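Residue numbers (this note's numbering): 4 to 432.
Presented below is the structure to which this report refers.
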Ligand SMILES: [Zn+2]
């Protein structure tokens, strides 16, 4: 079946049902200039391609940042405020207004509601949210609507609901480098769309589907979109990766991806545990990512003292009990490349704890130990982490590799098929 929306045809299997709970039409962008009297700086949102704007797309609910006692919101253009009892306020525009948790309710200017409040803007991309994330104030604008939900913990949860394809445009621009070719963006888009739908299906009982950080996929709202991202979204509209699960039924593939595989991809099971669907078996050779600054990374020295402290701070019972650290070693590796699978930490009394290499990496610092592909060398009171390769978990699509392959003329579909061998491509909606 030929995709009418792509210059290069994608070979597609028939439509796959993914449980579309809510169908909406793609939103519109406002024609006029931004409202001048607001104290927000609005960059005119990119107009979604016609193919997106006129199609039915399932919604996705994105949890924004951290839960917070208060936040500020502004709206460029007309807006409506709704709650369970219907419309509670309207206006022509809204300058920064504080929204706060107030004894189990949500206070919004003169309005106080016991349950969630939702802000709807006439201008798509016109809702601005100012919230504190990681100790710093972050200001972004969003398409779709914003829901403010009071929690039992005395905080507010902020959830952005928007069509899945619009969400993807706000993900791609954050997950890829701006100058990379559109075919690399397309491959990333299929991976990001499939990953998002898997997460969405797993959180049907939640009041959100995905996080806006690396806990899911990095999403920056409408102000971070770029034209290449939108071209990739339009060129792969609705396409997801699947595999044949038990009974031969097509299932969505958990399309893990990483920055830089370092030379060869890893198997999902060796990194995350659990089953490994065939397209995630790893062992895909890729030195295409060698231009990545993390293809090889410099040696890191960790003192045994700091490793011990990191283990104890995990709160994980077996690690908390460890005394002073005597040895840290790679207990097992996976794949021909020898990527660490498990790390053994042994204290001076001889107690040993075996932990997954990715977990060990997260405890000692994923911003200095860039992957689990390394060699550990005992240097007395220190451990030398040497021969470091790649950035990220190494499973599935390698982003730097995808960029190189696209530059060499590979299509998005070819790139997807390279990193997820035997995966099938199908249309989810
Ligand atoms: Zn690679």
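For each residue, glycine too, the CB sits at the ideal point set by N, CA and C.
In this text, all values refer to a predicted model and were calculated from it rather than measured experimentally.
Sort 188, 159, 238, 285 by Cα distance to residue 132 and report the nearest one. In this structure, 159 is the residue among 188, 159, 238, 285 with its C-alpha nearest to the C-alpha of residue 132.
Margin query: Any residue with its C-beta under 5 Å from a non-hydrogen atom of ligand 1 counts. Can you list them all in chain order?
Written below: Qualifying residues, in the order they occur: 264, 289, 292, 401, 404.
Exercise. Could you name the residues of the same chain whose beta carbon sits closer than 6 Å to that of residue 239, not counting the 5 residues immediately before and after it, in chain order?
Key: Cβ within range, chain order: 189, 192, 193.
Item checked: Validate contact between the region 174-187 and the region 80-96 using beta carbons, cut 8 Å, 3 pairs -> No, because fewer than three Cβ pairs between the region 174-187 and the region 80-96 fall closer than 8 Å, the two stretches do not touch.
- Task: Give the straight-line distance between the Cα atoms of residue 235 and residue 186, rounded to the nearest whole angstrom.
- Result: In a straight line, the C-alpha of residue 235 is about 7 Å away from that of residue 186.
Problem - Beta-carbon proximity of residue 384 to residue 307, cut-off 8 Å - result: It is a contact, given that the beta carbons lie within the stated cut-off.
Problem set entry | With 16 other Cβ atoms within 10 Å as the buried cut-off, status of residue 220 | Classification of residue 220: buried, given that the 10 Å Cβ count is 16 or more.
Can you give the Cα-Cα distance for residue 141 and residue 154, rounded to whole angstroms?
Going from the Cα of residue 141 to the Cα of residue 154 covers about 21 Å.
Can you grab the Cα-Cα spacing for the pair residue 248 / residue 280, in whole Å? Near 8 Å, if we compare the C-alpha coordinates of residue 280 and residue 248.
Three Cβ pairs or more, each shorter than 8 Å: is that satisfied between the region 307-320 and the region 352-371? Yes: the two stretches touch, three or more of their Cβ pairs being nearer than 8 Å.
**Prompt:** Thinking C-alpha only, which one of 116, 146, 213, 408 is nearest residue 422?
**Reply:** Residue 408 is the option with its Cα nearest to residue 422.
Which runs of the beta strand (DSSP E), 3 residues or longer, sit entirely within the region 133-199? Taking only runs of at least 3 residues, the beta strand (DSSP E) segments lying wholly in the region 133-199 are 139-145, 148-153, 159-166.
Using a 10 Å radius around the Cβ and a threshold of 16 neighbouring Cβ atoms, would you call residue 51 buried or exposed? It is buried - the Cβ of residue 51 has at least 16 other Cβ atoms within 10 Å.
Can you find the residues in the same chain that come closer than 7 Å, C-beta to C-beta, to residue 314, ignoring five residues on each side of it along the sequence? Sequence-distant Cβ neighbours of residue 314 in its own chain, meaning closer than 7 Å and more than five residues away, are 322, 325, 348, 366.
- Message: Between which residues of its own chain and residue 108 is the CB-CB distance below 7 Å, once the five residues before and five after are set aside?
- Response: Listed in chain order, the non-local C-beta contacts of residue 108 below 7 Å within the same chain comprise 115, 116, 117, 153, local neighbours out to five positions each way being set aside.
| message | Measuring straight from C-alpha to C-alpha, what distance separates residue 329 and residue 391? | response | C-alpha separation (whole angstroms): 22 Å.
Worksheet entry | Contact under 8 Å by Cβ, residue 162 with residue 64 | With contacts defined by Cβ atoms closer than 8 Å, residue 162 and residue 64 form a contacting pair.
Please classify residue 296 as buried or exposed, where buried requires at least 16 other C-beta atoms within 10 Å of its C-beta.
Result: exposed.
**Item:** Residue burial classification, residue 209 (beta-carbon count within 10 angstroms, cutoff 16)
**Value:** It is exposed - the Cβ of residue 209 has fewer than 16 other Cβ atoms within 10 Å.
message = Measuring straight from C-alpha to C-alpha, what distance separates residue 256 and residue 196?
response = Note on geometry: alpha-carbon atoms of residue 256 and residue 196 lie some 11 Å from one another.
message: Quick check on the DSSP output: the alpha helix (DSSP H) that includes residue 367 runs from which residue to which?
response: Looking at the DSSP string, the run of the alpha helix (DSSP H) that includes residue 367 is 360-367.
Which listed residue (170, 357, 360, 350) has its alpha carbon closest to that of residue 203:
When each option's Cα is compared against that of residue 203, the closest is 170.
For residue 231, does the three-state DSSP call read helix, strand or coil?
Looking at residue 231 - three-state DSSP - the assignment turns out to be helix.
C-beta atoms of residue 243 and residue 361 nearer than 8 Å:
A distance of 8 Å or more separates the beta carbons of residue 243 and residue 361.
Terminal residues of the continuous alpha helix (DSSP H) containing residue 323?
-> 320-323 is the extent of the alpha helix (DSSP H) around residue 323.
Alpha carbon of residue 437 to alpha carbon of residue 178, nearest angstrom: This structure cannot settle anything about residue 437, because the visible part of the chain is limited to 4 through 432.
Thinking C-alpha only, which one of 266, 327, 260, 110 is nearest residue 283? Just measuring C-alpha positions, the residue of 266, 327, 260, 110 sitting nearest residue 283 is 260.
Item to check | residue 61 classed as buried or exposed, judged by whether at least 16 other C-beta atoms fall within 10 angstroms | outcome: Under this definition residue 61 is a buried residue.
- Taking Cβ to Cβ, would you say residue 331 is nearer than 8 Å to residue 387? Taking 8 Å as the cut-off, the Cβ atoms of residue 331 and residue 387 do not count as close.
Exercise for review: Give a yes or no on whether 8 Å exceeds the smallest Cβ distance from residue 432 to chain D.
Suggested key: The structure shown contains no chain D; it holds only a single protein chain.
Can you grab the Cα-Cα spacing for the pair residue 36 / residue 47, in whole Å?
Since pLDDT at residue 36 reaches only 43, below the 50 mark, its modelled position is unreliable, and the value read off the structure follows with that caveat. One C-alpha to the other measures close to 8 Å.
Open item on the list: Within the continuous beta strand (DSSP E) that includes residue 382, where are the two ends?
Closed with: Start and end: 378-382.
*asked:* Quick check on residue 413: buried or exposed, where buried means 16 or more other Cβ atoms within 10 Å of its Cβ?
replied: Taking all protein chains in view, the Cβ of residue 413 is crowded by 16 or more other Cβ atoms within 10 Å, so the residue is classified as buried.
>> Among 134, 156, 120, whose alpha-carbon lies nearest the alpha-carbon of residue 67?
In response: Measuring from the Cα of residue 67, the nearest candidate turns out to be 134.
TODO: Return the CA-CA distance between residue 334 and residue 344, expressed in angstroms with no decimal places.
DONE: Residue 334 and residue 344 have their alpha carbons spaced roughly 8 Å apart.
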